[in-house]
Each structure stands twice: as structure tokens, then as C-alpha cells.
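Residue numbers (the working numbering): 878 to 1092.
We put the beta carbon where it would ideally sit given N, CA and C, even for glycine.
Computed from a predicted structure; not experimentally measured.
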């Protein structure tokens, strides 16, 4: 007898043995997942490792480096307009523990934010909240020391692992801005990153960010 394909699938014929309209839900889900995975096969996401760094406001920058100071380019980063500057500072915690040589990333922002890994926090004797960039709720207080001055403020967080995407990338992966996803890293010592935030903007290029501990 000639096999008929279900009206629910025009490709594999896996569910053809089931009567129309009563296909088990798990069968449909399996087919959909297989098709989506097949469509995305070969599409990879570049992963960049973010070492400890800070973003800074112009006001704080001038306090640390002097009036009128402007960030100078050391090297461009993957995201358009973002760059590592030549400027570095020292971070000091309330327990008088310090980390020197922490680089400032440009361009300047409306706020000052220090992004550290867990091992940095242990060294400084602080406990970092896990936050998206720009969310400084419960941020830890640090003193930032430059060649011309110092600033003390709540500014230190552990950045949530995240993926930058353009709207076109988001459409391709079937995700939206602020969505939480899992990312599988292939290889002999691969693994799965959970709790990854999708960030979508016209100015973004496809790139995932993790910190040095996660790397």
C-alpha cells in the first residue's frame, strides 16, 4: 500500500502513520525542532572574552585624568564604535584590596560601570550582583584611582553573559530582545551556557560575551 504523508509535514513522512488531525503533540514538536536545527546548522556565533574593564562618564574621566581629557584609541572592538582605550586605572575596595591596570573602554557613557569576574571579586573581598549593562542596582562600591584623582561610587557588577544581535540575526535565530537563551559550545571540552541574554539593536553585530572565568 502506498504510504501517505501527514498534512502536517511535507518532508520526512515520520507522522504519516497517524490519522489526520490527531497527531501526538510530541511528534509535531520533534519535527519542528528537527527542521529548525537543520535550518540553523552551520551558523555559529563568535564568542569574545571580556576581561575586567570599565565604562566611564565624562565627568568621572576628567576627575581621574584631568579637565578636558579624551579617551585615546588603543584598538577597535568588534561592536561598531566600541574601542579599548589607552587609559588604565586602579580599583580599590573597602577592604583595601586593589587591582591595577584595569582598562577603560570607549566611548564615554552617561554612567560609570565596572565589570569584573568572580575571581576579581574574591580578590577584592566583595560580592558582585549579576546584572545587565546599565543596571547598577546593588552595585558594589569601589574607589577608582587615576593619575589626577579618584572617584568612589557604587559601580561594580558581574555582567550577565549576553549575545549582541542585529534584527536580521534575531529573526534568523527566532529570538527577540531581552530573551533568555542557552548556548551550546562544541568541542572536546564543550558545554552549555544558560541564562544568556539576547540584546538586539540595528548597531550590533553578532557576538557573544563571556568573562574570563566563564572562558
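Within 10 Å of its beta-carbon, does residue i have 16 or more other beta-carbons around it, so buried, or fewer, so exposed?
i, result
"residue 1035", "buried"
"residue 1063", "exposed"
"residue 1090", "exposed"
"residue 971", "exposed"
Relative to the alpha-carbon of residue i, which residue among the options has its alpha-carbon at the smallest distance?
i, options, result
"residue 921", "1015, 1046, 1071", "1046"
"residue 1068", "1059, 1076, 1075, 985", "1059"
"residue 996", "1057, 1004, 952", "1004"
"residue 1014", "1022, 1021, 1032", "1032"
"residue 998", "1030, 1018, 989", "1018"
Spell out the partners DSSP gives residue i in its beta bridges.
i, result
"residue 975", "969"
"residue 933", "BP columns for residue 933 are empty, so no partner."
Considering only their Cβ atoms, is the gap separating residue j from residue i smaller than 8 Å?
i, j, result
"residue 1038", "residue 1087", "yes"
"residue 959", "residue 982", "yes"
"residue 1057", "residue 1073", "yes"
"residue 969", "residue 979", "no"
"residue 1075", "residue 1055", "yes"
So, helix, strand or coil for residue i, using DSSP?
i, result
"residue 1084", "strand"
"residue 1008", "strand"
"residue 995", "helix"
"residue 1063", "coil"
"residue 1028", "strand"
"residue 988", "coil"
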